[in-house]
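Participant:
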Amino acid sequence: MNRIQEIIAELVETANHPAKAVKASMKETGKKAVGCFPYYTPDEIIYAAGLLPVGLWGGQTDIKLADKYLQSFCCSIMRINVEQGLKGMYDFLSAVIIPAYCDTLKCICDNWHVAVPQTYLIPMVYPQHRKIAAGVAYLIDEYKRVQKELETIAGKKITEKDLEDSIVLYEDYRKTMRQFTAIVSKYSKTLNAKTRHLIIKAAYFMDKRLYTIKIKELMEELKKLPEEKLDGIKVVVTGILAETDALLDAFVQNKIVFVADDLAHESRQFRTSVRSEGTALERLAYRIADHDGCSLLYDEEKKHGQLLIDLVRENHADGVVVCMMKFCNPEEFDYPIYKKELEAAGIPMLYLEIEQKMDSAEQIRTRIQSFAEMVK
Ligand code: SF4
3 MNRIQEIIAE
13 LVETANHPAK
23 AVKASMKETG
33 KKAVGCFPYY
43 TPDEIIYAAG
53 LLPVGLWGGQ
63 TDIKLADKYL
73 QSFCCSIMRI
83 NVEQGLKGMY
93 DFLSAVIIPA
103 YCDTLKCICD
113 NWHVAVPQTY
123 LIPMVYPQHR
133 KIAAGVAYLI
143 DEYKRVQKEL
153 ETIAGKKITE
163 KDLEDSIVLY
173 EDYRKTMRQF
183 TAIVSKYSKT
193 LNAKTRHLII
203 KAAYFMDKRL
213 YTIKIKELME
223 ELKKLPEEKL
233 DGIKVVVTGI
243 LAETDALLDA
253 FVQNKIVFVA
263 DDLAHESRQF
273 RTSVRSEGTA
283 LERLAYRIAD
293 HDGCSLLYDE
303 EKKHGQLLID
313 LVRENHADGV
323 VVCMMKFCNP
333 EEFDYPIYKK
343 ELEAAGIPML
353 YLEIEQKMDS
363 AEQIRTRIQS
373 FAEMVK
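Take the sequence shown: its letters are residues 3 to 378, numbered as in this note's numbering.
#1: Alpha carbon to alpha carbon, how far is residue 370 from residue 283?
#2: Along the alpha helix (DSSP H) that carries residue 201, what are the first and last residues, could you check?
#3: Helix, strand or coil, according to DSSP, for residue 63 in the structure here?
#4: Just reading off the alpha helix (DSSP H) that residue 305 is part of, what are its end residues?
#5: Less than 6 Å between C-beta atoms, sequence neighbours within five positions excluded: which residues of the same chain meet that for residue 217?
#6: Can you say whether residue 101 is buried or exposed, counting buried as having 16 or more other CB atoms within 10 angstroms of its CB?
#7: For residue 149, which option in 62, 346 and 46 has the closest C-alpha, if you only look at C-alpha atoms?
#8: Which of helix, strand or coil does DSSP assign to residue 329?
#9: Apply the 10 Å Cβ neighbour rule to residue 126 and answer buried if 16 or more other Cβ atoms are within range, or exposed otherwise.
#10: What's the gap between the Cα of residue 304 and the Cα of residue 339?
#11: With a 10 Å radius around its C-beta and 16 neighbouring C-beta atoms as the bar for buried, classify residue 22 as buried or exposed.
#12: Please give me, in chain order, every unbroken run of the beta strand (DSSP E) with length at least 3 that falls completely inside the segment 316–374.
#13: For the ligand SF4, any of its heavy atoms closer than 7 Å to the Cβ of residue 327?
#14: Tell me whether residue 317 is buried or exposed, calling it buried when 16 or more other Cβ atoms sit within 10 Å of its Cβ.
#15: Let me check understanding here. Comparing Cα to Cα, which of 79, 66 and 227 lies closest to residue 2?
#16: Can you confirm whether the segment 258–273 touches the segment 117–133 when touching is taken to mean that 3 or more C-beta pairs between the two stretches lie within less than 8 Å?
#17: Going by DSSP, what residues sit across from residue 182 in a beta bridge?
#18: Closer than 8 Å is the cut-off here; do at least three beta carbon pairs connect the segment 89–108 with the segment 21–35?
#19: Which parts of the segment 254–310 are runs of the beta strand (DSSP E), unbroken and 3 residues or longer, counting only runs that do not cross its ends?
#20: Is the beta carbon of residue 17 closer than 8 Å to that of residue 204?
#21: What is the residue span of the beta strand (DSSP E) that residue 33 lies within?
#22: For residue 2, does the three-state DSSP call read helix, strand or coil?
#23: Which same chain residues end up closer than 8 Å to residue 167 when comparing Cβ atoms and leaving out the 5 residues on each side of it in sequence?
#24: Is there contact between the segment 157–175 and the segment 319–338, where contact requires at least three CB pairs shorter than 8 Å?
#25: Just the C-alpha distance for residue 158 and residue 53, rounded to the nearest angstrom, thanks.
#26: Say yes only if the C-beta of residue 38 is nearer than 7 Å to one or more non-hydrogen atoms of the ligand SF4, and no if none qualify.
#27: Have a look at the DSSP bridge pairing and note the partners of residue 239.
#28: Anyone know if the C-beta pair for residue 254 and residue 196 falls short of 8 Å?
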């Protein structure tokens, strides 16, 4: 096994066995862990407290207990998160942070207290009007409250320097990930749709400093090799996340390469940088204000469609794949708006309704195959 294969195998193992990876990371770093529900939790503050932020984006658990608390028309990510909480799978976490972006997440905050009382909850509310001064001031106050809660858990004060150091690290991570996603089209066989996804996913279960070092090394090793000829179809993928394994396997089998993404689970996490001026918390709040093209963040100018068109043009993509999380209202409300814009721009589009736990992926596999044949 060469060094590239070793790094990829390690990251894929981490993504496929998150609890094991997080516990190993806690042991290695001596840090307590804090679970972060989607979306945009202030991981920099958690890291500055000397704690390990861990992403909680559902999984492959069968849903049995969560139905007592959530209706069957809630999205599978949240039903699985609650299920895993009820089964005690998050008991090793010191707390979870749950932001209330959508109706489902608002219910989870209330349910969590009753359903999973053993895992301490830090709720967060993000401002709808995040770009105006009042919205930014409100978010800074929310961050201050969360900071105090995290200080209690960590048993230490978080200084401005702690926050600044953490921001520097996260900015390095974000820049590195933008570079990583940009080289996928040059190494499209090694970094096929599934491997690319698992490499990016591993970041949620590792210390960001160690993860960023690994990705930099992977890119350095890849650059020593000749570029791989891309003989498949190039797409931009959008949505909350692109899982399951069967879904990703279908993309690989049909030689569909993700040359860029607009997934909440992937590039939306790292495409926007902090501003260079202001206190640490101001810079974090303005990152949310500046982040555009995400269905979770209110945008009166509706820039999502243009963002997708730009991604297609910049990456010479053949089309857009929409991975629509079933029962996700914010994404579903956004879809008709950007669909019209993509159609007007003559960009082929494949719409897939997905769940994290799908009994069969055959229908999706057929749709992916048809799309591949149509676009070729
Ligand atoms: S935004 Fe969509 S996928 Fe995310 S928690 Fe809400 S309903 Fe579920």
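Glycine is no exception: its CB is placed at the ideal position from the N, C-alpha and C atoms.
Facilitator: Checking against the coordinates, here is how it stands:
#1: Position 368 of the sequence shown holds residue 370. Position 281 of the sequence shown holds residue 283. So the two alpha carbons sit approximately 43 Å from each other.
#2: Walking along the sequence shown from the start, residue 201 turns up at place 199. 195–203 is the span of the alpha helix (DSSP H), which, as asked, contains residue 201.
#3: For the purposes of this step, residue 63 is taken as the residue at position 61 of the sequence shown. Residue state, collapsed to three classes: coil.
#4: Locating residue 305 in the sequence shown gives position 303, counting from the first residue. Element bounds for residue 305: n/a, residue is neither H nor E.
#5: Counting from 1 along the sequence shown, the entry for residue 217 is found at position 215. So the qualifying residues of the chain are 178 and 182.
#6: Within the sequence shown, residue 101 is the residue found at index 99, counting from 1. Burial call: buried.
#7: On the sequence shown, residue 149 is found 147 positions in, with the first residue counted as 1. For residue 149, the nearest C-alpha among the options comes from 46.
#8: By one-based count along the sequence shown, residue 329 stands at place 327. Reduced to three states, the DSSP call for residue 329 is coil.
#9: Against the sequence shown, residue 126 aligns to sequence position 124. Its Cβ being crowded by 16 or more others within 10 Å, residue 126 is buried.
#10: Residue mapping note: residue 304 aligns to position 302 of the sequence shown, counting from 1. Residue mapping note: residue 339 aligns to position 337 of the sequence shown, counting from 1. Near 8 Å, if we compare the C-alpha coordinates of residue 339 and residue 304.
#11: Counting from 1 along the sequence shown, the entry for residue 22 is found at position 20. Result: exposed.
#12: 321–327 and 351–356
#13: As a first step, residue 327 is located in the sequence shown; it is residue number 325 there, counting from the start. Correct: residue 327 has its Cβ closer than 7 Å to the ligand SF4.
#14: Counting from 1 along the sequence shown, the entry for residue 317 is found at position 315. Label assigned to residue 317: buried.
#15: Nothing can be reported for residue 2: it is not among the residues displayed for the chain, which extend from 3 to 378.
#16: no
#17: As a first step, residue 182 is located in the sequence shown; it is residue number 180 there, counting from the start. Its beta-bridge partners do not exist; DSSP assigns none.
#18: yes
#19: 258–265
#20: In the sequence shown, residue 204 corresponds to position 202, counting from 1. In the sequence shown, residue 17 corresponds to position 15, counting from 1. Cβ atoms of residue 204 and residue 17: closer than 8 Å.
#21: Indexing the sequence shown from 1 puts residue 33 at position 31. Here residue 33 belongs to no beta strand (DSSP E), and DSSP marks it neither H nor E.
#22: Outside the shown range of the chain, which is 3 to 378, sits residue 2, and nothing can be said about it.
#23: Sequence index remark: in the sequence shown, residue 167 carries index 165 (1-based). Here the set comprises 50.
#24: no
#25: Taking the sequence shown and counting its residues from 1, one reaches residue 158 at position 156. Taking the sequence shown and counting its residues from 1, one reaches residue 53 at position 51. Approximately 11 Å between the Cα atoms of the pair.
#26: Position 36 of the sequence shown, counted from the first residue, corresponds to residue 38. Incorrect: residue 38 has no Cβ contact closer than 7 Å to the ligand SF4.
#27: For the purposes of this step, residue 239 is taken as residue 237 along the sequence shown, with counting starting at 1. Answer by DSSP bridge pairing, in chain order: 263 and 323.
#28: The residue labelled residue 254 in the question sits at position 252 within the sequence shown. The residue labelled residue 196 in the question sits at position 194 within the sequence shown. Contact: yes.
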